Amino acid sequence: MSKILSHPLSRLVQSMNESATLRMAQMSRDLNAQGVDVINLSIGEPDFITPAHIREAAKKALDAGYTKYTPVAGLVECREAIVEKFKRDNDLDFNINQIVVSNGAKQTIANLALSLLDEGDEAILFAPYWVSYYEIVRMAGGVPVPVFAGVEQDYKVKPEQVAAAITSRTKFVLFSSPCNPTGSVYNRDELEAIAAVLAPYEHIVIISDEIYEYINFTGSHASIGAVPSVKDRTVTVNGFAKGFAMTGWRIGYMGGPEYLAKACVKIQGQFTSGASAFGQKAAADALRADMTPTWEMRDAFRHRRDICHGLLSQIPGFKVPFPKGAFYFFPDISAVFGTSDGQTPINNADDFSEYLLAKAHVATVSGSAFGADNCFRLSYAASEEELLRAIKRIDTAVRRLK
Ligand code: GLU
């Protein structure tokens, strides 16, 4: 019989938090496996399958022998397609040596943090921030410096707040637009104002996570990397998961200064090497193909947002900004703190999210994971029928709180 061993774990892993989005998604899978009818609105994942022409491209790539290692930075043809995409959609000029393809945009961000941060260096995160930014910065030895924007400012950080957070240890500023978890979108003027604050600080790199670029309902997407005063030190991060419904393929990428691309290749070369060859080939084809399926998915998300927003806003105690992109609602529910259904006291967003899972069988994510203790996140990348059922359940559960 083998012995059960338990070795002491590293301080790093002991100090880390598990990803709240992935934990909630797993809890909901587990409950479903036990026969509980949980509606999973926790993870941000399109409910659509990858469009047929992209799946076909991957099958063809496999048959054509795209089964081997690729250069760490990515297949040349994939990086060429990304260079074209950056020019076409974002007015960004890169050559292929400035592009790195990774196993998901999450790895891209980890590569950047590991390339830039020394022990004690600071990373300004616009808060609410995406859950993994915080832990990735800590894993790399850095100090996350959240700059918070609440519901009253549509969760958008103002330039003067950024200015106040800068120190000589600031290495980078990181944010997403369209934003996960809030759905807020920074327009060109707002990005220019933020760039104006950062422009004089040449020691600061800007990391702009644009993974939700194609799920933007405002009609226009702006990239801070296109603002001339900061373009030479901005890294633009993107990926295929959201816009092309390719979450399980794990293909993300960045375009940025060549020295940083080289550093990321060095890091990635020791961790994982290049992303999958046939995945990259299909991804290159996706960027060059007709984008109609992407726009159809975006329109479906917009429709779901429109039908759900009014219903959520009618739930007592919910303040629900109208999201302009991505596929999340991020209600402020601080008004229900201090209530109870007679059994479960709700004193914070964690209590609330756990209450919804236990009593309404709806999986969401507490705002505390995103640096927003008054909020919770609900993904509307689910079918209309599921969303309507989930909102009804949430409504009933909240009305029981007194
Ligand atoms: N970005 C998605 C989310 O926030 C995927 C899950 C994850 O990687 O955390 O739900």
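Under this note's numbering, think of the first position of the sequence shown as 500, with each following residue one higher. Glycine residues also receive a C-beta, built at the ideal position from the N, C-alpha and C atoms. Treat the numbers as computed from the prediction; the structure is a model and nothing was measured.
For this session: Can you have a look at D708 and say buried or exposed, based on whether 16 or more other CB atoms are within 10 angstroms of its CB?
Result: Your numbering for residue 708 matches position 209 in the sequence shown. Buried, by the Cβ-count rule.
Exercise. Is E712 near ligand 1, judged by its Cβ being under 7 Å from some heavy atom?
Worked result: Here residue 712 is taken as the residue at index 213 of the sequence shown, counted from 1. No, since every heavy atom of ligand 1 falls outside the 7 Å radius drawn around the Cβ of E712.
Problem set entry | Beta-bridge pairing of E647 - partner residues as DSSP gives them | Taking the first residue of the sequence shown as 1, we reach residue 647 at position 148. The question names Glu, but residue 647 in the sequence shown is Phe. According to DSSP, F647 bridges with A626.
Problem set entry | Rounded Cβ spacing between V684 and T717 (contact assumed at less than 8 Å) | On the sequence shown, position 185 is the one that residue 684 refers to. On the sequence shown, position 218 is the one that residue 717 refers to. The Cβ separation is near 5 Å, so the contact holds.
For this session: Assign W629 to buried or exposed, taking buried as 16 or more other Cβ atoms, counted over all protein chains shown, within 10 Å of its Cβ.
Result: Numbered from 1 along the sequence shown, position 130 holds the residue referred to as residue 629. Burial call: buried.
Exercise. Ends of the alpha helix (DSSP H) at T793?
Worked result: Position 294 of the sequence shown, counted from the first residue, corresponds to residue 793. Start and end: T791 to S812.
Exercise. Just to confirm, does I542 get its C-beta within under 7 Å of one of the non-hydrogen atoms of ligand 1?
Worked result: Position 43 of the sequence shown, counting from 1, holds the residue named residue 542. Correct: I542 has its Cβ closer than 7 Å to ligand 1.
Problem set entry | Closest Cα partner of L877 within the set R888, E884, G870 and V864 | Against the sequence shown, residue 877 aligns to sequence position 378. If we check each option's Cα against that of L877, V864 comes out closest.
For this session: Compare the beta carbon distance of I705 and F671 with 8 Å and say whether it is the shorter of the two.
Result: Taking the first residue of the sequence shown as position 1, residue 705 is located at position 206. Taking the first residue of the sequence shown as position 1, residue 671 is located at position 172. Yes.
Problem set entry | Cβ-based neighbour list, S601, same chain, cut-off 7 Å, excluding 5 preceding and 5 following | The residue labelled residue 601 in the question sits at position 102 within the sequence shown. Same-chain partners within the cutoff: T607, N610, G751, Y752, Q767 and A774.
Exercise. Is the stretch 653-664 touching the stretch 790-807 in the sense that three or more CB pairs, one from each, lie closer than 8 Å?
Worked result: no
Exercise. Going by beta carbon distance, what residues of the same chain come within less than 6 Å of A871, once the five residues before and after it are set aside?
Worked result: Stepping through the sequence shown from its first residue, residue 871 is reached at position 372. Result list for A871: P627, in chain order.
For this session: Can you say whether I665 is buried or exposed, counting buried as having 16 or more other CB atoms within 10 angstroms of its CB?
Result: As a working mapping, residue 665 is identified with position 166 in the sequence shown. So I665 counts as buried.
Problem set entry | With 16 other Cβ atoms within 10 Å as the buried cut-off, status of W794 | Position 295 of the sequence shown, counted from the start, is the residue given in the question as residue 794. It counts as exposed.
For this session: Pick out whichever of G824, T838, S839 and P820 has its Cα sitting closest to the Cα of D831.
Result: Mapped onto the sequence shown, residue 831 falls at position 332. Taking only the C-alpha atoms, the option nearest D831 is P820.
For this session: Have a look at K741 and K584 and give me their C-alpha separation to the nearest angstrom.
Result: Here the question's residue 741 lines up with position 242 in the sequence shown. Here the question's residue 584 lines up with position 85 in the sequence shown. So the two alpha carbons sit approximately 16 Å from each other.
Exercise. Out of curiosity, what's the CA-to-CA distance linking I723 and Q652?
Worked result: Numbered from its first residue, the sequence shown carries residue 723 at position 224. Numbered from its first residue, the sequence shown carries residue 652 at position 153. Each residue's Cα considered, the two are about 20 Å apart.
Exercise. Does the distance from the C-beta atom of A785 to that of F743 stay below 8 Å?
Worked result: Start at 1 with the first residue of the sequence shown, and residue 785 comes out as number 286. Start at 1 with the first residue of the sequence shown, and residue 743 comes out as number 244. Their beta carbons are under 8 Å apart, which means A785 touches F743 by this criterion.
Exercise. Any heavy atom of ligand 1 closer than 7 Å to the Cβ of T520?
Worked result: Position 21 of the sequence shown holds residue 520. Because some heavy atom of ligand 1 lies under 7 Å away, the Cβ of T520 counts as near it: yes.
Problem set entry | Under 8 Å between C-beta atoms of T918 and P545 | Within the shown structure, residues of the chain are numbered from 500 to 901, placing residue 918 beyond reach of any answer.
Exercise. If you run the structure through DSSP and keep just helix, strand and coil, what is A862?
Worked result: Stepping through the sequence shown from its first residue, residue 862 is reached at position 363. Strand.
Exercise. Beta strand (DSSP E) containing S541: first to last residue?
Worked result: If you number the sequence shown from 1, residue 541 lands on position 42. S541 -> no beta strand (DSSP E), and no H or E assigned at all.
Problem set entry | Whether C763 touches V599 by CB criterion (8 Å) | Here the question's residue 763 lines up with position 264 in the sequence shown. Here the question's residue 599 lines up with position 100 in the sequence shown. Result yes, Cβ atoms of C763 and V599 sit closer than 8 Å.
Problem set entry | Burial state of S667 (16 or more Cβ within 10 Å) | Taking the first residue of the sequence shown as 1, we reach residue 667 at position 168. S667 is exposed by the Cβ-count criterion.
Exercise. Between the C-alpha atoms of L811 and F625, what's the straight-line distance to the nearest angstrom?
Worked result: The sequence position of residue 811 within the sequence shown is 312, counting from 1. The sequence position of residue 625 within the sequence shown is 126, counting from 1. Distance between the alpha carbons of L811 and F625: 25 Å.
Problem set entry | Heavy atom of ligand 1 within 7 Å of N602 beta-carbon | On the sequence shown, position 103 is the one that residue 602 refers to. No, the Cβ of N602 stays beyond 7 Å of every heavy atom of ligand 1.
For this session: With DSSP as the reference, label C678 as helix, strand or coil.
Result: Taking the sequence shown and counting its residues from 1, one reaches residue 678 at position 179. C678 falls in the coil class under three-state DSSP.
For this session: With a cut-off of 8 Å on the beta carbons, I'd call Q597 and P756 a contact; round off their distance for me.
Result: Taking the sequence shown and counting its residues from 1, one reaches residue 597 at position 98. Taking the sequence shown and counting its residues from 1, one reaches residue 756 at position 257. Yes, they are in contact, since the Cβ atoms of Q597 and P756 sit about 7 Å apart, within 8 Å.
Problem set entry | Closest residue to P815 among S852, I893 and A881 (Cα-Cα distance) | Reading the sequence shown from its first residue, position 316 is the one you call residue 815. Checked all of S852, I893 and A881; the closest Cα to P815 is I893.
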